[in-house]
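Residue numbers (full-length UniProt numbering): 1 to 234.
Report on one structure; see the data block that follows.
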Amino acid sequence: MRVWPPPDDDDPPGSSTQPFPAVSATGPQPAPNAPAAPNAPAPPPAPRKRKRGRTILLALIALLLLLLAIGVPTVDNYFLHKKLHPDDIVHVVEPGQSYTFKHVTWRAQIERMDPLLKGLEPPPEGRTWMQITVTRMAVDQEGASRSYEPDMELRDAQDRRWATQIVSNNVPLDLKDHRIGVGYHYTVISVVPTAVADEVELYLRPSIGRRDESVEEILKPSEETRRDVLRFKR
């Protein structure tokens, strides 16, 4: 067996050299395979198209629920108001006529008034003073006892309303002085727009109180209502 490199000439017999390690006769090793590329993330799903019709429907439903939530209390309040404040019962009195109600006969006359003759200030521009003369006459003792002042106001065809003021009356305060069949008068004034001065009508609501009632009777709930109103047409 020969070794490489051979021994030098001056090496003593029997010496040896370190051989090179054996080299494989095979060819060069192939390069390792490159690692596989990681899987690419999946593309995000395409955004879903909104259904316009469904959106509008949901909006309408929400609006309807809101209106119902608001409307139900309103309806309840309306019926409660009607229960506590029912509509008036209007008794129409033709022009120049009288009307007997609850033992009292009523009559009314409405006319323009010159404020200077009454010592009043001229009204604002576009306004007119009105004078109303109301006559009441008891037809019996019950009517005489019902002699408290009525409530009065003027109204036009559009139901606009104007307050009135009683400036004088000759109705006896003492029941024993009140005579059956005798007319007593209230003088009432008001100011209304000139445009409706010749058409406004008097609405008179008689009192349900009686002068002969005791304190106990006054404090008791009355079965009568104040829904009755006399409308004096012109």
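Beta carbons: idealized from backbone N, C-alpha and C, even for Gly.
Arg226 and Val192 have their C-alpha atoms roughly 25 Å apart. In the pairwise beta carbon analysis, the segment 117-126 is classified as not touching the segment 91-98: fewer than three pairs are separated by under 8 Å. Exclusion of the five residues before and after Val167 leaves Thr187, Val188, Ile189 as the residues of its chain whose Cβ lies within less than 8 Å of its Cβ.
Distance from the CA atom of Thr105 to the CA atom of Arg127, rounded to whole angstroms, is 32 Å. Taking Ser98 as the centre and dropping the five residues before and after it, the same chain places the C-beta of Thr105, Arg107 closer than 6 Å to its C-beta, in chain order. Bounds of the beta strand (DSSP E) holding Glu111 are 104-112.
The distance from the Cβ of Val171 to that of Tyr184 is about 4 Å, consistent with a contact at the 8 Å cut-off.
Distance check between His178 and each of Thr133, Val139, Leu63, Glu111 places Val139 closest, using alpha-carbon atoms only. Put simply, the backbone Cα of Leu230 is about 12 Å away from that of Lys102. Per DSSP, reduced to three states, the secondary structure at Gly183 is strand. Under DSSP, the beta-bridge partners assigned to Gln165 are Ile189. Beta-bridge pairing by DSSP links Ala138 to Val104. CA-CA distance, Thr133 to Glu223, rounds to 30 Å. In the structure shown, Leu202 falls within a strand segment according to DSSP collapsed to helix, strand and coil. Taking C-beta separations shorter than 6 Å and ignoring five residues to either side along the sequence, the partners of Val196 in its chain run Asp156, following chain order.
Leaving aside the five residues that flank Leu202 on each side, the residues in its chain whose CB is nearer than 7 Å to its CB run, in chain order, Ala108, Ile110, Ile132, Met152, Leu154, Phe232.
A direct Cα-to-Cα measurement between Ile180 and Gly209 gives close to 18 Å.
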